[in-house]
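K.L.:
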Ligand code: SF4
Ligand code: SF4
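Residue numbers (the working numbering): 13 to 481.
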């Protein structure tokens, strides 16, 4: 609809800042039909399109521009493949991905691939391929069977749990690295402990919890249709906004994260089980920049690219208003540096209501994702995040613990030693200067700087006479 793929970009150039991409090689097409998926109806953007498969010319153009468009000295680039369901493209498509990554690679730049999948189409061939080429998989699973099947079903409304579990078994059999992505909604939001224990049981060691807030702006408020709940005094939504009853409640989400956190402490899983929100929080408490856009002051460094090379400001803003151009007409770097995209990113900060600017947790939250800023503040200013109460509950409950963990890390101990902090302080005071320099942060844990790398390969790199990779 918006772009063409028949001409070549004339003036490739480098962006000013590193950027990340979420590519949709099969657009919004998916083999299953989850109730809360916000992406399935993006087919409406392309009413004339019969096939949403990314063709080879667009793929090569994308790969080349993504690699070549990064600023000089960028050490690593990760290709994020999403959908729809990207495995519907089949292995040959991803063989072409590797072919073009090899063809256009840049000296000194590592290239990685991460694939977000519902897991239902994985088989032995996929397992071998993904293992051989070191793909990192994100598998969507909402909890044990009875919970997962409520909203994650196929086109005939049959639950997908069994197929997802087969996909996870394939990953384990072929030693494919995977993490889990769990959508937190109104139903499973009440079962955090059950979900935490379940995810551990199936062998996941890295959990991502994504709150679902399905909302729409309704011209005619006051009616209840198709599960939408309309504004009232209690939830203080801005006029015209409605949320779906599948959405997680704000306080429910805070309670969910807090109970997961308490379980993590209770089971002494620090350094063994990684929860993205906790990694992010520890990194922020230690003064590192946020690894997630949602918790950053500004955003806009991770746009979405559709099957035909059309680029949009963000995965959550794929519509004509946020269309940046097509790779056949403008380079990715040029689109990333455009005033339109810069404004998209800085608006996250510049549109904050005073209530957020005065908030004790601003440095962790930054008003969270603009897509969910649909509430009034207590002072009746627009632009408060729907999940604000939940975020406040999470930050106030966990911050004191993360402060202690951060102190341990700064003293050269493990984060999981936080309970012994007073003892550690005494030991640190007695330690010799040489001992104090011996940092004993767990070398296999994710680096608290938020890079996503293991500590030993990042800030804790101990290569003889070499700079950190
Ligand atoms: S916790 Fe609430 S008030 Fe504080 S910055 Fe976040 S959204 Fe704003
Ligand atoms: S709009 Fe939300 S999801 Fe998109 S880049 Fe900004 S913070 Fe991230």
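Note that the Cβ used here is the ideal one computed from N, Cα and C, for glycine as well. Bear in mind that the values here come from a model prediction, so they are computed numbers and not experimental data.
Where DSSP assigns a beta bridge to residue 178, which residues make up the other side?
P.N.:
Counting from 1 along the chain shown, the entry for residue 178 is found at position 166. Its beta-bridge partners do not exist; DSSP assigns none.
K.L.:
What's the C-alpha gap between residue 330 and residue 324?
P.N.:
Here residue 330 is taken as the residue at index 318 of the chain shown, counted from 1. Here residue 324 is taken as the residue at index 312 of the chain shown, counted from 1. One C-alpha to the other measures close to 5 Å.
K.L.:
Given a threshold of 16 other Cβ atoms within 10 Å of its Cβ, counted over all protein chains shown, does residue 146 qualify as buried or as exposed?
P.N.:
Locating residue 146 in the chain shown gives position 134, counting from the first residue. Residue 146 is exposed by the Cβ-count criterion.
K.L.:
What residue from 310, 427, 333 and 346 has the CA that sits closest to residue 380's CA?
P.N.:
Numbered from 1 along the chain shown, position 368 holds the residue referred to as residue 380. Of 310, 427, 333 and 346, the residue nearest in Cα terms is 310.
K.L.:
Give the secondary structure of residue 443 by DSSP, where H, G and I count as helix, E and B as strand, and everything else as coil.
P.N.:
Position 431 of the chain shown holds residue 443. Correct three-state label for residue 443: coil.
K.L.:
To which residues of the same chain is residue 166 closer than 7 Å at the C-beta, ignoring the five residues directly before and after it?
P.N.:
What you label residue 166 is simply residue 154 of the chain shown in a count that begins at 1. Counting only Cβ-Cβ distances below 7 Å, and skipping sequence neighbours, we find 44, 45 and 172.
K.L.:
Does any residue of chain D have a CB that is nearer than 8 Å to the CB of residue 303?
P.N.:
Among the protein chains of the structure shown there is no chain D, as only one such chain exists.
K.L.:
Where does residue 199 fall in DSSP's three states?
P.N.:
Taking the first residue of the chain shown as position 1, residue 199 is located at position 187. Correct three-state label for residue 199: coil.
K.L.:
What number of angstroms, rounded off, separates the C-alpha of residue 342 from the C-alpha of residue 312?
P.N.:
Residue mapping note: residue 342 aligns to position 330 of the chain shown, counting from 1. Residue mapping note: residue 312 aligns to position 300 of the chain shown, counting from 1. Going by the C-alpha atoms only, they are around 18 Å apart.
K.L.:
Going by the C-beta, is residue 360 closer than 7 Å to any heavy atom of ligand 2?
P.N.:
Within the chain shown, residue 360 is the residue found at index 348, counting from 1. Yes, the Cβ of residue 360 comes within 7 Å of a heavy atom of ligand 2.
K.L.:
State buried or exposed for residue 332, treating a residue as buried only when at least 16 other CB atoms are found within 10 Å of its CB.
P.N.:
Indexing the chain shown from 1 puts residue 332 at position 320. Counting Cβ neighbours within 10 Å, residue 332 comes out exposed, since fewer than 16 surround it.
K.L.:
Looking at the unbroken beta strand (DSSP E) that takes in residue 33, where does it start and where does it end?
P.N.:
Against the chain shown, residue 33 aligns to sequence position 21. Counting along the chain, the beta strand (DSSP E) containing residue 33 begins and ends at 33-35.
K.L.:
If I'm right that residue 66 touches residue 319 with Cβ under 8 Å, what's the distance once you round it to whole angstroms?
P.N.:
Taking the chain shown and counting its residues from 1, one reaches residue 66 at position 54. Taking the chain shown and counting its residues from 1, one reaches residue 319 at position 307. That pair is a contact at about 4 Å.
K.L.:
Whole angstroms is fine: what's the gap from residue 382's alpha carbon to residue 360's?
P.N.:
The count along the chain shown starts at 1 and reaches residue 382 at position 370. The count along the chain shown starts at 1 and reaches residue 360 at position 348. Computed Cα separation, rounded: 6 Å.
K.L.:
Starting from the N-terminal side, write out each stretch of the alpha helix (DSSP H) that is 4 residues or longer and does not extend beyond the stretch 310-377.
P.N.:
344-348, 351-362, 366-369 and 374-377
K.L.:
Given a threshold of 16 other Cβ atoms within 10 Å of its Cβ, counted over all protein chains shown, does residue 416 qualify as buried or as exposed?
P.N.:
What you label residue 416 is simply residue 404 of the chain shown in a count that begins at 1. Per the 10 Å Cβ criterion, buried.
K.L.:
Using 7 Å as the cut-off, classify the Cβ of residue 379 as near or not near the heavy atoms of ligand 1, replying yes or no.
P.N.:
As a position in the chain shown, residue 379 is number 367, starting the count at 1. Answer for residue 379: yes, Cβ within range of ligand 1.
K.L.:
Please indicate yes or no: does the CB of residue 150 lie closer than 7 Å to some heavy atom of ligand 2?
P.N.:
Position 138 of the chain shown, counted from the start, is the residue given in the question as residue 150. No, the Cβ of residue 150 stays beyond 7 Å of every heavy atom of ligand 2.
K.L.:
Here's the rule I'm using: 16 or more other beta-carbon atoms within 10 Å means buried, otherwise exposed. How should residue 504 be labelled?
P.N.:
Since the first residue shown for the chain is 13 and the last is 481, residue 504 is missing from the structure and cannot be characterised.
K.L.:
Find out if the Cβ-Cβ distance for the pair residue 399, residue 228 is shorter than 8 Å.
P.N.:
Taking the first residue of the chain shown as position 1, residue 399 is located at position 387. Taking the first residue of the chain shown as position 1, residue 228 is located at position 216. No, the Cβ-Cβ distance between residue 399 and residue 228 is not below 8 Å.
K.L.:
Is residue 365 close to ligand 2? I mean its beta-carbon at under 7 Å from any heavy atom of the ligand.
P.N.:
By 1-based counting over the chain shown, the position of residue 365 is 353. No - ligand 2 has no heavy atom lying nearer than 7 Å to the Cβ of residue 365.
K.L.:
Do residue 344 and residue 78 come within 8 Å of each other at the CB atom, strictly closer than that value?
P.N.:
Within the chain shown, numbered from 1, the residue matching residue 78 stands at position 66. Within the chain shown, numbered from 1, the residue matching residue 344 stands at position 332. Taking 8 Å as the Cβ cut-off, residue 78 and residue 344 qualify as a contacting pair.
K.L.:
Is residue 373 close to ligand 3? I mean its beta-carbon at under 7 Å from any heavy atom of the ligand.
P.N.:
Looking at this structure, you won't find ligand 3 anywhere; what it does contain is ligand 1 and ligand 2.
K.L.:
Regarding residue 396 and ligand 1, is the C-beta to nearest heavy atom distance less than 7 Å?
P.N.:
For the purposes of this step, residue 396 is identified with residue 384 of the chain shown, where counting begins at 1. Residue 396 Cβ: within cutoff of ligand 1.
K.L.:
At a cut of 8 Å, does the stretch 80-98 reach the stretch 360-372 through at least three beta carbon pairs?
P.N.:
no
K.L.:
Would you report the Cα separation of residue 40 and residue 51, rounded to the nearest angstrom?
P.N.:
For the purposes of this step, residue 40 is taken as the residue at position 28 of the chain shown. For the purposes of this step, residue 51 is taken as the residue at position 39 of the chain shown. Each residue's alpha carbon lies about 6 Å from the other.
K.L.:
My guess is that residue 194 and residue 214 are in contact by the Cβ rule of under 8 Å, so how many angstroms apart are they, rounded?
P.N.:
The count along the chain shown starts at 1 and reaches residue 194 at position 182. The count along the chain shown starts at 1 and reaches residue 214 at position 202. 11 Å between Cβ atoms; not a contact.
K.L.:
Which residue wins for smallest C-alpha separation from residue 93, given the options 119, 412, 432 and 125?
P.N.:
The sequence position of residue 93 within the chain shown is 81, counting from 1. The candidate whose alpha carbon is nearest that of residue 93 is 125.
K.L.:
Run through DSSP, which three-state label would residue 256 get?
P.N.:
Along the chain shown, one-based indexing puts residue 256 at 244. Here residue 256 sits in strand by DSSP.
K.L.:
Is residue 305 a contact residue of ligand 1, with contact defined as CB to any heavy atom under 7 Å?
P.N.:
Residue numbering aside, residue 305 sits at position 293 when the chain shown is read from its first letter. Incorrect: residue 305 has no Cβ contact closer than 7 Å to ligand 1.
K.L.:
Given 7 Å as the limit, tell me if residue 265 has its C-beta closer than that to any heavy atom belonging to ligand 2.
P.N.:
The sequence position of residue 265 within the chain shown is 253, counting from 1. Residue 265: no, Cβ never under 7 Å from ligand 2.
K.L.:
Once DSSP output is grouped into helix, strand and coil, what is the label at residue 307?
P.N.:
The residue you call residue 307 lines up with position 295 of the chain shown. Three-state result, residue 307: helix.
K.L.:
Going by beta carbon distance, what residues of the same chain come within less than 8 Å of residue 20, once the five residues before and after it are set aside?
P.N.:
Counting from 1 along the chain shown, the entry for residue 20 is found at position 8. Annotation note: pLDDT 45 at residue 20 (below 50); position unreliable, no value reported.
K.L.:
Within this structure, are the beta carbons of residue 196 and residue 180 separated by less than 8 Å?
P.N.:
Along the chain shown, read from residue 1 onward, the residue named residue 196 stands at position 184. Along the chain shown, read from residue 1 onward, the residue named residue 180 stands at position 168. For residue 196 and residue 180, no; Cβs fall outside 8 Å.
K.L.:
If you draw a straight line from the C-alpha of residue 28 to the C-alpha of residue 278, how long is it?
P.N.:
Looking up residue 28 in the chain shown gives position 16. Looking up residue 278 in the chain shown gives position 266. Their Cα atoms are separated by approximately 44 Å.
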